[in-house]
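A short worksheet on the structure shown next.
Number of protein chains: 2
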Amino acid sequence: MLEFAILGLLHESPMHGYELRKELAAKLGSIRAAISYGSLYPTLRRLQAAGYISEAGETPPTKPEVPALTSKRGRVVYKITAEGKERFADLIAQAGPETYDDAGFGIHFAFFARTDQATRLRILEGRRRKVEERRESMRDVLSRAGERLDAYTLELQRHGLDACEREVRWLEELIVNERSGRAPEGRDTTETSPHVQDERP
Amino acid sequence: MLEFAILGLLHESPMHGYELRKELAAKLGSIRAAISYGSLYPTLRRLQAAGYISEAGETPPTKPEVPALTSKRGRVVYKITAEGKERFADLIAQAGPETYDDAGFGIHFAFFARTDQATRLRILEGRRRKVEERRESMRDVLSRAGERLDAYTLELQRHGLDACEREVRWLEELIVNERSGRAPEGRDTTETSPHVQDERP
DNA sequence: TTGCGATGTATCGAGCCGATACATCGGAGC
DNA sequence: GCTCCGATGTATCGGCTCGATACATCGCAA
């Protein structure tokens with residue numbers, strides 16, 4: 026999961042760890058709170074070992090020489106490699122059932138601009154099915170539940186059910202838009218979104 | 026987190042692992058999908074080692090004798106101990122900042138029937154503050170975002186922002202109800218909820 | 001000049017998940 | 001009567017992730 030997100034972000038420009046965390050928090054703010062360094066740095070090393078990313082020598086804007094003064098070992102900037110781009114494309118194409126849980130779906134959705142339309146549709150429909158199942162199971166619990174569940178638990182179920190119904194409606198809109206070939210929501214995207222074009226260079 | 030949920034469920038009646046998982050799925054269906062056995066069984070052993078739960082000898086409804094035939098080693102029923110009840114009460118009382126993330130809040134809320142009113146209010150307000158912060162940060166991203174974020178990411182943010190606003194409103198209602206001493210939502214709870222009375226025996 | 005908050009990299013223990021294995025039981029279908 | 005299958009049930013393993021923690025630098029305000 027994190028692997029996918031990192032590759033997706035580095036796809037746009039090279040970054041160091043701290044920056045990745047911030048960008049991730051902004052882009053996925055609606056999904057997960059903020060990625061932990063305890064997962065970020067090990068994942069970066071794993072990706073580098075696999076050859077998907079590599080260190081990009083920090084190109085200092087001014088003075089390119091005089092390197093070893095004060096032995097500053099500061100930020101490590103990573104960039105994605107050709108293998109990394111391939112890997113990212115594979116991860117998109119494989120989009121399996123694990124892509125439909127809350128976190129997995131959110132992360133994939135966040136990179137829809139780099140996903141081809143057929144896959145977008147497949148993911149949206151898979152997610153919809155999953156949320157619908159969840160919704161049905163909650164309806165069951167609610168309908169035959171007065172017996173065993175206290176008022177607070179019931180209220181929690183109601184709120185959850187409401188969220189499910191709302192998400193299904195949201196997904197439905199997105200699917201309709203997707204099928205008609207338009208970008209999300211019909212709010213004019215021609216000027217707000219700069220890189221909807223590249224499906225995969 | 027799982028520890029809290031298990032103690033809360035065993036508080037109501039003895040159960041074995043499989044049953045715990047199902048009850049948990051029903052009670053927390055709106056929060057987390059379903060607890061994994063890979064966490065459940067280790068946690069049960071941990072709790073037993075700590076003395077919070079103990080095995081309850083499976084009281085077979087019919088034939089109480091003839092035990093060793095076929096060496097059946099079937100279900101292991103656990104029940105909560107006195108120390109376990111104390112532990113559960115402590116966990117409720119300690120309700121700290123980690124109680125306000127999605128999973129933590131949901132689980133605590135699910136056991137509000139066993140939580141005193143002051144703590145309920147504290148948790149609801151803590152959660153509200155947290156969701157409000159999340160909401161503000163997402164509003165920031167959305168307002169100064171047309172530059173960097175593509176249409177899909179924006180749509181994700183909008184949906185997330187909507188969910189946040191909705192949850193804040195929900196929490197607000199609950200807080201008002203809580204302050205006025207009523208049970209959730211005003212839907213008559215006198216007959217639907219059987220055990221709102223015991224704050225802690 | 002002292003201190004503090006933001007930036008930045010890094011590790012450790014512990015919790016949790018998904019996959020997997022294995023065993024029993026009741027009933028559906030033949 | 002037999003066989004197969006899905007539900008019930010316990011259990012482990014590797015790997016990802018989190019939260020806490022440590023440490024170092026930089027710019028700026030008091």
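Chains as they are written, first to last, in my numbering: chain X, 26 to 226; chain G, 26 to 226.
Cβ coordinates follow ideal geometry from the N, Cα and C atoms, glycine included.
Going along chain G in order, which residues have a C-beta closer than 9 Å to the C-beta of residue i?
| i | result |
| --- | --- |
| ALA188 (chain X) | SER55, ALA188, ARG191 and GLU192 |
| LYS47 (chain X) | Neighbours of LYS47 (chain X) on chain G: none; closest Cβ ~11 Å, over 9 Å. |
| ALA138 (chain X) | ASP175, ALA176, TYR177 and THR178 |
| GLY25 (chain X) | Here chain X comprises residues numbered 26 to 226, so residue 25 (chain X) is not present and cannot be evaluated. |
Could you give the distance in angstroms between the alpha-carbon of residue i and the alpha-carbon of residue j?
| i | j | result |
| --- | --- | --- |
| MET163 (chain G) | LEU49 (chain X) | 13 Å |
| ASN202 (chain X) | GLU190 (chain X) | 19 Å |
| ALA120 (chain X) | LEU146 (chain G) | 42 Å |
| SER79 (chain G) | ALA107 (chain G) | 10 Å |
| PHE134 (chain G) | VAL193 (chain X) | 25 Å |
| ARG225 (chain X) | LYS47 (chain G) | Annotation note: pLDDT 44 at ARG225 (chain X) (below 50); position unreliable, coordinate value reported separately. Rounded to whole angstroms, ARG225 (chain X) to LYS47 (chain G) spans 44 Å at the Cα level. |
| ARG112 (chain G) | TYR77 (chain G) | 7 Å |
| LEU179 (chain G) | ILE31 (chain G) | 39 Å |
| LEU199 (chain G) | GLN73 (chain X) | 49 Å |
| PHE29 (chain G) | ASP126 (chain G) | 15 Å |
| ASP141 (chain G) | LEU181 (chain X) | 18 Å |
| LEU45 (chain X) | ALA114 (chain X) | 20 Å |
| TRP195 (chain G) | ALA75 (chain X) | 46 Å |
| THR144 (chain G) | GLU150 (chain X) | 41 Å |
| GLU197 (chain G) | LYS155 (chain G) | 13 Å |
| ARG70 (chain G) | VAL101 (chain G) | 11 Å |
| PHE136 (chain X) | ARG173 (chain G) | 13 Å |
| THR214 (chain G) | PRO39 (chain X) | Below a pLDDT of 50, predicted positions are generally treated as unreliable, and THR214 (chain G), at 43, falls in that range; no measurement from the model is reported. |
| ALA128 (chain X) | ALA51 (chain X) | 15 Å |
| ARG207 (chain X) | GLY206 (chain G) | 51 Å |
| ALA118 (chain G) | ASP165 (chain G) | 35 Å |
| ILE60 (chain X) | GLU123 (chain G) | 16 Å |
| ARG153 (chain X) | LEU186 (chain G) | 20 Å |
| SER167 (chain G) | ARG183 (chain G) | In the sequence as presented, Ser is not what sits at residue 167 (chain G); that position holds Leu. Straight-line Cα distance between these residues: approximately 8 Å. |
| TYR62 (chain G) | HIS41 (chain G) | 12 Å |
| GLY33 (chain G) | ILE148 (chain G) | 17 Å |
| LEU94 (chain G) | THR68 (chain G) | Bear in mind that the predicted position of LEU94 (chain G) carries a pLDDT of just 38, short of 50, making it unreliable; the figure below should be weighed with that in mind. C-alpha separation (whole angstroms): 30 Å. |
| GLU37 (chain X) | LYS110 (chain X) | 11 Å |
| GLY99 (chain G) | ARG169 (chain X) | 29 Å |
| GLU157 (chain G) | GLU161 (chain X) | 30 Å |
Counting C-beta neighbours from all protein chains within 10 Å, is the total for residue i 16 or more, i.e. buried, or is it exposed?
| i | result |
| --- | --- |
| ASP175 (chain G) | buried |
| SER55 (chain G) | buried |
| SER96 (chain G) | Reliability fails at SER96 (chain G), whose pLDDT of 43 lies under 50, so the model's placement of it is uncertain and no value is given. |
| ALA58 (chain G) | exposed |
| PRO209 (chain X) | buried |
| TYR66 (chain G) | exposed |
| TYR177 (chain X) | buried |
| ARG159 (chain X) | buried |
| ARG204 (chain X) | exposed |
| TYR43 (chain G) | exposed |
Could you round the C-beta distance between residue i and residue j to whole angstroms and report it? I think they count as a contact, below 8 Å.
| i | j | result |
| --- | --- | --- |
| LEU116 (chain X) | SER64 (chain X) | About 17 Å separates the two Cβ atoms, so there is no contact after all. |
| ALA138 (chain X) | LYS104 (chain X) | Actually they do not touch by this definition, with Cβ atoms about 19 Å apart. |
| LEU35 (chain G) | GLY131 (chain G) | Not quite, the Cβ-Cβ distance comes to about 19 Å (not below 8 Å), so this is no contact. |
Given that residue i touches chain X, what residues does it touch there, using C-beta distances under 9 Å?
| i | result |
| --- | --- |
| TYR62 (chain G) | Neighbours of TYR62 (chain G) on chain X: none; closest Cβ ~17 Å, over 9 Å. |
| ALA143 (chain G) | The premise fails here: ALA143 (chain G) is roughly 15 Å from chain X at the closest Cβ pair, so nothing lies under 9 Å. |
List, in order along the chain, the chain X residues whose C-beta lies closer than 7 Å to that of residue i?
| i | result |
| --- | --- |
| PRO209 (chain G) | ALA176, TYR177 and GLU180 |
At a CB-CB cut-off below 8 Å, which residues of chain G make contact with residue i?
| i | result |
| --- | --- |
| PHE29 (chain X) | Correct list: empty, because the minimum Cβ distance to chain G is about 15 Å. |
| ALA74 (chain X) | Ordered by position in chain G, no residue passes the 8 Å Cβ test against ALA74 (chain X), which lies about 26 Å from the chain. |
Mind listing the chain G neighbours of residue i? Cutoff is C-beta to C-beta under 7 Å, in chain order.
| i | result |
| --- | --- |
| HIS184 (chain X) | SER55 and TRP195 |
Residue i versus chain X: which residues are under 8 Å apart at the beta carbon?
| i | result |
| --- | --- |
| VAL166 (chain G) | ALA51 and GLY54 |
| ALA135 (chain G) | TYR177, THR178 and LEU181 |
| ASP126 (chain G) | ALA58 |
Under 8 Å, CB to CB, which of the residues in the stretch 148-164 of chain X have a partner in chain G?
Considering only beta carbons, the part of the stretch 148-164 of chain X lying closer than 8 Å to chain G consists of ARG159, SER162 and MET163, in chain order.
Residues in the stretch 102-113 of chain G having any Cβ partner in chain X nearer than 9 Å:
The stretch 102-113 of chain G vs chain X, Cβ under 9 Å: nothing.
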